[in-house]
Structure formats: structure tokens, C-alpha cells
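Okay, so here's the structure we're looking at.
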Amino acid sequence: MWLAPIPETLRPGLDVLFVGINPGVVSGVKQLHFGNPQNFFWPGLFQSGLIPEAIQPEDGHRLAAEWNMSIVNLVQRTTPSTSDLSRQEMRDAVPELCRKISANPPRVICFVGKGIYEIFVGSSKITLGLQDSMHR
Numbered sequence: 041m042w043l044a045p046i047p048e049t050l051r052p053g054l055d056v057l058f059v060g061i062n063p064g065v066v067s068g069v070k071q072l073h074f075g076n077p078q079n080f081f082w083p084g085l086f087q088s089g090l091i092p093e094a095i096q097p098e099d100g101h102r103l104a105a106e107w108n109m110s111i112v113n114l115v116q117r118t119t120p121s122t123s124d125l126s127r128q129e130m131r132d133a134v135p136e137l138c139r140k141i142s143a144n145p146p147r148v149i150c151f152v153g154k155g156i157y158e159i160f161v162g163s164s165k166i167t168l169g170l171q172d173s174m175h176r
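Count along the sequence shown from 1, then add 40; that gives the number in this note's numbering.
Set out below in C-alpha cells:
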């Protein structure tokens, strides 16, 4: 089943750019980032204090409009699971992600998970947490 890529809101100067691996089926069907109600992204965003109120995936457009944050995916292709992507497909998507980041530099890039950061930097020897710079 082919689904259109989820729209991205990118512009220079975002405070935070969240980078996910790829959309799941629920997200792809709904055309919403982290669209599955079981996903912890949206509650975690509120609980972290990054946004002042709890929102649902349907309110994701408010990230850019009200809080100067946005979401992109490394791979645009929707799959039932990230395990349906090959490591090569993910590695092949890194240059395009780098292009997007270079064209729209945010203040902070937040990789949503250790695995995606390992793919991005090309190493499993990473340190979690705030990095001094992008190691790419």
C-alpha cells in the first residue's frame, strides 16, 4: 500500500526540529506525524515542558505555528514497522535529511530515538543527550 509522504513544515530558525525514522501505517493513513494514539511522542512533548498543553496528533500543525518546532522523517515511506526498512534504505536517506537541515537550520535537532541518531552519524558508538555539534 503506497501512501503519500506526510507534509513537513520546515523553515530556517525553528527552535527544535524533531527527526523520526519513518511514518507508521496509522500516521500514513491519517497524514499526521506520530498519528497512532498509542505513540508516546505527544504526551512526552507536553510532559517534558516543551509545550504548555497536551495536544493530540491532529493538533501537530500547532508545533510550527505556536511553538516554532517541527517534525521530519528520515524515510518518507510508510511501513507497518521500522523493521520493514533496510539499513541501506535508511542510510540512503541521510543526504536528503542533511540537505533539509542545511537549507532550514534549526537551533536544536532532536532525534526521536537512539537508533535514528546512530544511522544519521553512521556509528553505534554514540553518547545520548545534548551534543556540541552535529557529527556528520
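Built from N, CA and C at the ideal position, the CB exists for glycine as well.
Checklist entry - Taking only runs of the beta strand (DSSP E) that begin and end inside the region 60-148, which ones reach a length of at least 3 residues, in chain order? => result 109-113
Item to check | V56 - partner residues in DSSP beta bridges | outcome: V56 is bridged to M109, V148.
Item to check | Rounded C-alpha distance that separates I166 from I149 | outcome: 15 Å
Item to check | Length of the line joining the Cα atoms of L54 and S110 | outcome: 7 Å
Item to check | Straight-line Cα distance separating W42 from N76 | outcome: So the alpha carbons of these two residues sit roughly 18 Å apart.
Checklist entry - Quick one: is L114 buried, meaning 16 or more other Cβ sit within 10 Å of its Cβ, or exposed? => result In this structure L114 is buried. Its beta-carbon is surrounded by 16 or more other beta-carbon atoms within 10 angstroms.
Checklist entry - Rounded to a whole number of angstroms, what is the C-alpha to C-alpha distance between S142 and Q78? => result One Cα belongs to S142, the other to Q78, and the distance between them is close to 32 Å.
Checklist entry - What number of angstroms, rounded off, separates the C-alpha of P145 from the C-alpha of L57? => result 9 Å
Checklist entry - Within this structure, are the beta carbons of I95 and W107 separated by less than 7 Å? => result No, they are not a contact pair.
Checklist entry - In or out: G60 buried (at least 16 other Cβ within 10 Å) or exposed? => result It is buried - the Cβ of G60 has at least 16 other Cβ atoms within 10 Å.
Checklist entry - Could you give the residue range of the alpha helix (DSSP H) that holds G155? => result 154-161
Checklist entry - Among P52, Q116, C138, L137, which has the Cα closest to the Cα of A104? => result Measuring from the Cα of A104, the nearest candidate turns out to be P52.
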